[in-house]
Every structure is written in C-alpha cells, then in structure tokens.
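Asker: First the structure, then my questions, so here it is.
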Amino acid sequence: MTTDDGGPVALVRAALVGAGVGDTVRTFEAGVPTAAAAAKALECDLAAITNSLVFDLNGEPLLILASGAARVDTKLVAGQLAQGRIRRASPAFVLEHTGQEVGGVAPVGHPKRIRTLLDLSLQEHETLWAGAGDHKSMFSITYAQLRRITGALELKVR
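Note that the numbering used here numbers the sequence shown so that position 36 is 36, with each residue one more than the last.
Here is the structure:
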C-alpha cells in the first residue's frame, strides 16, 4: 500500500496535520512490522516505540498504546478498568475497527474514535515513534501530543 492513495497512511497523515502535530511520517522500504524492526530502522530505544495494540473488551475495541519494550498485562488493565475481560482482538476485528492491518496499526486515522489507553512508561521518552497505518510507515510524536490527539487515559499497563 502506498502513502499517496488515500489509504491508511494518508488518513494518519491527515489526522496528525488536523490535530496540529504536523506530518512526521517516515516510510521504510524494508518495512517495520515489529517494534524491534522499527527501533533498528530508527536507531532508537525499543522502549520509545509505541505499539498500537487492539483488544476486544466486551465486543468493543480498546486500543492500548504500549511501549515496544513491554508486554501488556491484560489482567492488570482489566482490573483497573473493572469492565470485564480483555481479549486480544482478531486481525479481522482490528481491520474492521481501525481500517489498518495488524503490524501497522496507528494510534489515529481510524474510521471513528476508539477508546484508548496510554502506557505511563512512554512518558520517559522525549520522542516516541508509532505505526502510521501500514507495515512500512512510522511517525514521531511527543507523549503529551499523543495523549492529546488520542484522548487516551493514562494507565499502568504492565
């Protein structure tokens, strides 16, 4: 998928610009489908990569923006939310609710706003990198900007 066809990356770019963050999307020919691949390509700390993980919470999408160096503790998060069990979403569920495929999900650019949680550990980094809608694109952003544009609830996720 290209970044100029009105697809997911174009929607992410538009969301970033519309939110006043600016277009910081970078595209990598070799692809960046994992946090480790992204950190290597960007020459940054794995913990500064923001994974956009979609979960199923009682049939509704829940987007957790977590450090690439962490594994989300779904029991911890579910306990803090006290709204039921959190399950990893299927690729079809992710695509339906984000318009983006697993491995390239961005925090923004979805058909409609998704309830979002933001890993508190990400605030330790001056610059964060997040997926930009496909397996080849990432964008840079600050923690404060990411919290603002997603409306995320800050939470300990591990």
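Think of the CB as a built atom: it goes at the ideal place given N, C-alpha and C, for glycine as much as any other residue.
1. Looking at the secondary structure, which residues open and close the alpha helix (DSSP H) in which T127 lies?
2. In the DSSP assignment, what are the bridge partners of N58?
3. Taking DSSP's pairing of strands, which residues face S140 in a bridge?
4. Express the C-alpha separation of A130 and A15 in angstroms, rounding to a whole number.
5. Which term fits S137, buried or exposed, when burial requires 16 or more other beta carbons within 10 angstroms of its beta carbon?
6. Grab me the residues of L118's own chain with a C-beta within less than 6 Å of its C-beta, minus the 5 sequence neighbours each way, in chain order.
7. Once you ignore the five residues that flank F28 on each side, which residues in its own chain have a CB closer than 6 Å to its CB?
Answerer: Straight from the coordinates:
1. Neither: T127 is in no alpha helix (DSSP H) and is coded neither H nor E.
2. DSSP output for N58 lists no bridge partner at all.
3. Answer by DSSP bridge pairing, in chain order: W129.
4. So the alpha carbons of these two residues sit roughly 13 Å apart.
5. With 16 or more other CB atoms across the displayed protein chains lying within 10 angstroms of its CB, S137 is buried.
6. Counting only Cβ-Cβ distances below 6 Å, and skipping sequence neighbours, we find L65, R147, A152 and E154.
7. Excluding residues within five positions, the ones whose Cβ falls inside 6 Å are A41 and K136.
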